[in-house]
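K.L.:
Numbering (numbering that gives the first Met the number 0), first residue to last: 0 to 199. Glycine residues also receive a C-beta, built at the ideal position from the N, C-alpha and C atoms.
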Amino acid sequence: MKKFLGKSKARNLVKDLKSPIMLNVGCGTDYKEGWINIDNNSDNNIERLDLNWDLRNPLPFEDNSVDFVFNEHFFEHLTVEEGQMAMKDIMRVLKPGGVMRIAMPDLEQVVHHYLHVPLSKDPVIKEHGFTDVKTRAEWMNMSFRWWGHKWLYDYEELERRLKEAGYSKIKRCKLNKSSHKELCNLEIRPESYLIVEAVK
């Protein structure tokens, strides 16, 4: 019954929007106007949401019905198997030529900071005020285990998983920059060091 209700709600959301159809998956509290904002609200802290949906389940949208998908700090909260399923399902709902933009922490940056940046100068630690962190090993473990993180990616790993899910034309992007106007100025987290766009 839940799946039917989800599909019915998704159809109404799509009907109410003008093209292009854009999904903000794992949106958290970052509600984007003109997008269908989707999250499971597991922390019960989201006041505005278009669709409450567990993204480990198939999206309740028709095949080839969506133009753009954006997510920021989402895939690292899934196991690698769940992430692969979500990538494939997003591929299913994207139209041919549709684009998914992913923004997330970068494992390469985490390792670089572990090896070369003193804790007192790490920008993420400073920005978030993690004054109790005593060692680089503690910070490394926090990066992997805190905030519900389950799998960190670098570009090589993300590209590999996207290719395995069937995406083509995978390219690395800069913060808030895209050749698609719909995908510009979306990131709200300066620690989104790994940003990729992948085309169906």
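Is DSSP giving Ile124 helix, strand or coil here?
P.N.:
It is helical.
K.L.:
Once DSSP output is grouped into helix, strand and coil, what is the label at Asn70?
P.N.:
Of the three classes helix, strand and coil, the one that applies to Asn70 here is strand, per DSSP.
K.L.:
Quick check: the Cα distance between Glu155 and Trp145, rounded to an integer number of angstroms?
P.N.:
For Glu155 and Trp145, the distance between alpha carbons rounds to 23 Å.
K.L.:
What distance in whole Å lies between the Cβ atoms of Glu71 and Glu186, which are believed to be in contact at a cut-off of 8 Å?
P.N.:
Glu186 to Glu71, Cβ: 6 Å. Contact.
K.L.:
Quick one, which of Leu174, Pro104, Ile35, Asn175 has its alpha-carbon nearest Ser142's?
P.N.:
Out of Leu174, Pro104, Ile35, Asn175, Pro104 has the C-alpha closest to the C-alpha of Ser142.
K.L.:
According to DSSP, is Ser7 helix, strand or coil?
P.N.:
The answer is helix: DSSP assigns Ser7 an H, G or I state.
K.L.:
Looking at Asp66 and Met21, is the spacing between their C-beta atoms short of 8 Å?
P.N.:
Taking 8 Å as the Cβ cut-off, Met21 and Asp66 qualify as a contacting pair.
K.L.:
With DSSP run on the structure shown, which of helix, strand or coil describes Asn23?
P.N.:
Here Asn23 sits in strand by DSSP.
K.L.:
Should the region 108 to 120 be regarded as contacting the region 43 to 50, the criterion being three or more beta carbon pairs within less than 8 Å?
P.N.:
Verdict: no, contact absent.
K.L.:
Any idea what DSSP makes of Tyr192, helix, strand or coil?
P.N.:
It is coil, neither helix nor strand.
K.L.:
For Pro59, which option in Ile89, Lys180, Tyr30, Gly128 has the closest C-alpha, if you only look at C-alpha atoms?
P.N.:
Of the listed residues, the one whose Cα sits closest to Pro59 is Ile89.
K.L.:
Express the C-alpha separation of Pro95 and Trp34 in angstroms, rounding to a whole number.
P.N.:
Distance between the alpha carbons of Trp34 and Pro95: 19 Å.
K.L.:
First and last residue of the alpha helix (DSSP H) that includes Val79?
P.N.:
Where Val79 is concerned, the enclosing alpha helix (DSSP H) stretches over 79 to 92.
K.L.:
Ile168 bridges to which residues according to DSSP?
P.N.:
Ile is not the amino acid found at residue 168; the sequence shown has Lys there. According to DSSP, which records beta bridges pairwise, Lys168 is partnered with nothing at all.
K.L.:
So, under 8 Å CB-CB, Ile37 and Ile101 are touching, yes? Tell me the CB distance rounded to an integer number of Å.
P.N.:
Not quite, the Cβ-Cβ distance comes to about 15 Å (not below 8 Å), so this is no contact.
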